[in-house]
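Asker: Below is the structure I would like to discuss, written out as structure tokens.
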Amino acid sequence: MGHSRGVPGPRGQSDKGDRKGHDAMAPESHPYRDVVVAGVFNTAQARRLPGHTSASITVEAVHGALADAGLGLDDVDGVSAADLSARLIHDLRLGPAWRGTQYGLGMIAEAALAISAGMCDVAVVASGEAGIHTDRAATAPWTRPENEFVIPWGLFTAAEFALVARRHMIEYGTTEDQMATVAATIRNNGHANPEAVYHGRGPYTPADIRASRPIAEPFHLLDCAMTSEGGCALVLTRADRARDLRATPVYLLGMAADSYGPAYQHPPAYDLAGRTARDADDRAGTVGRRAADRAFRTARLGRTDVDVLELYDPFSFEVIRQLEAFGFCAPGEGGPFVADGHIAPDGKYPATTDGGLMSYSHAGSNPQMLQRAIRAVQQVRGTCASTQIPGARVALASAGGSGALFNQVALFGTERP
Amino acid sequence: MLEPQTGVPLNPVTPLTAPFWDGCAEGELRYQRCTACGTANFTPTDLCRGCTSRELEWRVSAGLGTVYSWTVVHRPVTPSFTTPYAVAIVDLDEGYRMLTNLIGVEADAVREGMRVRVDLHGVGGERVLPYFRPQFP
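Respectively, the protein sequence lines represent chains A and B.
Last residue of the first sequence: 417 in the working numbering, with the numbers rising by one and none dropped.
Last residue of the second sequence: 1137 in the working numbering, with the numbers rising by one and none dropped.
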């Protein structure tokens, strides 16, 4: 297959240096120019973290990220921690503080905008879950929809995403072997990662993936995310404070998100489309396509400028889908693209280098999304303990997926935008 | 052969959704049609998803449609489900779409575009669920 990094992206978008829509935008007007990611931290991740609660593991992550930044709790005047935001502000005695309301990668962009707009100076973005998944006969609580028209049909996230994968197989001939290649690649990254919950469990071949027991066809057990416990946090601050910081400052270069509606209430139909569709390819099956275009536009970068893709990997197929939606290959070419080795550590677009949700950790609904961004930051800092991509300067992180009807895309780099 | 479940988890009926569930119990598959723009709406809604009108009337579907996508599930979401079961998205002939389970067919015989018809089954308590089975056995 003729995929190469110099080839312009599909759908006619010009690639490197695409400045369409930004002609009037002066360099200093970049929305995140005056903000840096100053600290990142993952706590220990494990199938179980005895003695921890979601709050306690989240606070451990906050301390870790502040230490990484060379800052302390006394410096913090902004908190974004999803359901725990208000509690942390109160219990850590951080008030008066800015309080975030977003989830996933949106937490990072929201905090960056709050700093940029003068609402706070040091924001912690944190999440953690522990002690939640206690009924092991059932799938994890955050994977079980509770909507009246969904629950009686026995859906859970694997089935929701399988309904999208099936349409891709029907439309484009995508195969279980191609999906298994994704799972083997990512699980092998986790196998090599000393911090991964499933460190040392591999290595895997695509045949190993397909030999695991079926879960929701076409997915086998090893095509699916695991479940675990853990916490993570990022610290963002003003760029003019960077000289006081311990770690190499990292910039948010662009971020955008797409939604097609509430997760797990309506059928995850590949062809669901709305009024804003730009063409026939803007539909729920390609969710994230518009977000990627916008994130790259804000970053003033093209696809070929990206060194590593920290893609959200709830299920193997979702990586194939995002490679297409984000414009790294044409619609329908994601299967052959991964089969050709493009996402391997030595490929053109190494993907999910920490082992992702499949092997590194899948600690609840929110930490798993933030952890893709933390790995992206570690990649451009050059500090990954395993599968460090040499010379990585720009990293993409994603979160959310087609089965949930939303997708988020963020770009990180060491060069000030 | 895939069969209906018994004792599956159910969420409470609301005033908005009661006409749908009452229909199932009375042997009818109901949906809402917008009298302003003609859009067929499902799940039950207070606003037409085609034009935002509130002029919605309940209609009875012929209960015929085609399989848009499906997955055969082998690991149940909770132990209250018997495996395998086939989750499907069915396109109804009236122009709306439903999540359902397929029954009356072998798990490996489900195909995209397969014609199906509604098959109402009680699953315990008062609730009757609209399963779908092949239209032409």
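Using N, Cα and C, we set each Cβ at its ideal position, and we do this for glycine too.
Distance check for SER1080/B and ALA1107/B, CA to CA, integer angstroms please.
Answerer: 19 Å
Asker: Check whether the Cβ of ASN147/A lies closer than 8 Å to any Cβ atom in chain B.
Answerer: yes
Asker: Comparing the C-beta of ALA216/A with each C-beta of chain B, is any distance below 8 Å?
Answerer: Yes, contact with chain B.
Asker: Starting from the beta carbon of ILE209/A, find every residue of chain B whose beta carbon is closer than 8 Å, and list them in chain order.
Answerer: Within chain B, no residue comes near ILE209/A; the closest Cβ sits about 15 Å away, beyond 8 Å.
Asker: So the candidates are MET1001/B, GLU1003/B, LEU1002/B and ASN1011/B; which of them puts its Cα closest to the Cα of GLY1125/B?
Answerer: ASN1011/B
Asker: Give me, in chain order, the residues of the same chain whose beta-carbon lies closer than 6 Å to that of ASP354/A; leave out the 5 immediate sequence neighbours on both sides.
Answerer: Contacts found: ASN193, TYR360 and ARG375.
Asker: Can you pull the chain B residues whose beta carbon is under 8 Å from the beta carbon of THR170/A, in chain order?
Answerer: The sequence as given places Ile at residue 170/A; Thr does not occur at that position. Chain B residues near ILE170/A: SER1069 and GLU1112.
Asker: Pull out every residue of the stretch 1113 to 1135 of chain B whose Cβ sits closer than 8 Å to any Cβ of chain A, in chain order.
Answerer: So the close ones are VAL1123, ARG1127 and LEU1129.
Asker: Please confirm whether ALA373/A and ALA351/A have their CB atoms less than 8 Å apart.
Answerer: no
Asker: Does ASP23/A come within less than 8 Å of chain B when only Cβ atoms are used?
Answerer: Caution applies to ASP23/A, whose pLDDT of 45 falls short of 50 and renders its modelled position unreliable; the value that the coordinates give is listed next. Answer no: the Cβ-Cβ gap between ASP23/A and chain B never drops below 8 Å.
Asker: For CYS1048/B, count the other beta carbons within 10 Å of its own beta carbon; 16 or more makes it buried, fewer makes it exposed. Which is it?
Answerer: buried
Asker: Report the option in GLY347/A, ARG241/A and ASN42/A whose CA atom is closest to the CA atom of VAL125/A.
Answerer: ASN42/A
Asker: For a contact defined as C-beta to C-beta under 8 Å, what are the partners of ALA137/A on chain B?
Answerer: THR1078 and PRO1079
Asker: Is ASP223/A buried or exposed, if buried means 16 or more other CB atoms sit within 10 Å of its CB?
Answerer: buried
Asker: Tell me the DSSP secondary structure of ALA247/A in three-state form.
Answerer: coil
Asker: Taking 7 Å as the cut-off, does the CB of ALA404/A come closer than this to any heavy atom belonging to the ligand NAD?
Answerer: This structure lacks the ligand NAD; in fact it carries no ligand of any kind.
Asker: For the 8 Å Cβ check, are there 3 or more pairs between the stretch 227 to 239 of chain A and the stretch 39 to 53 of chain A?
Answerer: yes
Asker: From ASP23/A to ARG303/A, what does the alpha carbon distance come to, in whole angstroms?
Answerer: Its pLDDT being 45, under 50, ASP23/A is placed unreliably by the model, and the measurement read from it follows with that caveat. Near 19 Å, if we compare the C-alpha coordinates of ARG303/A and ASP23/A.
Asker: When the Cα of GLY202/A is compared with those of ALA242/A, PRO214/A and ARG187/A, which residue comes out closest?
Answerer: ARG187/A
Asker: Would you say the stretch 375 to 384 of chain A touches the stretch 260 to 271 of chain A, given that touching needs at least three Cβ pairs under 8 Å?
Answerer: Flag = no, the stretch 375 to 384 of chain A and the stretch 260 to 271 of chain A do not touch.
Asker: Using the beta-carbon count (16 or more within 10 Å), is GLU146/A buried or exposed?
Answerer: exposed
Asker: Consider the Cβ of ARG1097/B: report whether some Cβ of chain A lies at a distance smaller than 8 Å.
Answerer: yes
Asker: Assign CYS1024/B to one of two classes, buried (16 or more other C-beta atoms within 10 Å of its C-beta) or exposed (fewer than that).
Answerer: Buried, because 16 or more other Cβ atoms sit within 10 Å of the Cβ of CYS1024/B.
Asker: Any idea if LEU1016/B is buried or exposed, counting beta-carbon neighbours within 10 angstroms, 16 or more meaning buried?
Answerer: exposed
Asker: Starting from the C-beta of GLY17/A, find all residues in its chain whose C-beta is less than 7 Å away, skip the five residues before and the five after it, and write them out in chain order.
Answerer: Any reading at GLY17/A needs caution, since the residue's pLDDT is 41, under 50, leaving its predicted position unreliable; the model's value is listed next. Hits under 7 Å: GLY302.
Asker: Just checking my contact of VAL1087/B with VAL1067/B at CB under 8 Å: how many whole Å lie between their CB atoms?
Answerer: Their Cβ separation, rounded to whole angstroms, is 11 Å, which puts VAL1087/B and VAL1067/B out of contact at 8 Å.
Asker: Spatial neighbours of LEU245/A within its chain, please: C-beta separation below 8 Å, excluding the five flanking residues on both sides.
Answerer: VAL36, ALA38, GLY39, ALA69, GLY70, LEU71 and THR237
Asker: At which residue ranges does the stretch 1006 to 1060 of chain B contain complete beta strand (DSSP E) runs of 3 or more residues, listed in the order of the chain?
Answerer: 1030 to 1034 and 1056 to 1060
Asker: Count the other C-beta atoms from every protein chain shown that fall within 10 angstroms of the C-beta of GLU318/A, then say buried if there are 16 or more, exposed otherwise.
Answerer: By the neighbour-count criterion, in which a residue is buried when 16 or more other Cβ atoms sit within 10 angstroms of its Cβ, GLU318/A is buried.
Asker: Quick one: does ILE1103/B have its CB under 8 Å from some CB of chain A?
Answerer: With 8 Å as the cut-off, ILE1103/B does not count as an interface residue toward chain A.
Asker: Is any beta-carbon of chain B found at less than 8 Å from that of LEU163/A?
Answerer: yes
Asker: Put HIS1121/B into one of helix, strand or coil per three-state DSSP.
Answerer: strand
Asker: Report all residues from its chain with a CB closer than 8 Å to the CB of PRO367/A; omit the five preceding and five following residues, and keep chain order.
Answerer: Taken in chain order, the residues that qualify are SER127, GLY128, GLU129, GLY230, GLY231, CYS232 and SER361.
Asker: Beta-carbon within less than 6 Å of GLN371/A's beta-carbon, same chain only, minus the 5 sequence neighbours each way: which residues are those?
Answerer: CYS232
Asker: Can you list, in chain order, the residues of the stretch 1081 to 1092 of chain B whose Cβ is nearer than 7 Å to any Cβ on chain A?
Answerer: Only those residues of the stretch 1081 to 1092 of chain B whose C-beta falls short of 7 Å from the nearest C-beta of chain A are listed: PHE1081, TYR1085, VAL1087 and ILE1089.
Asker: Is the shortest distance between the beta-carbon of PRO1009/B and the beta-carbons of chain A less than 8 Å?
Answerer: yes
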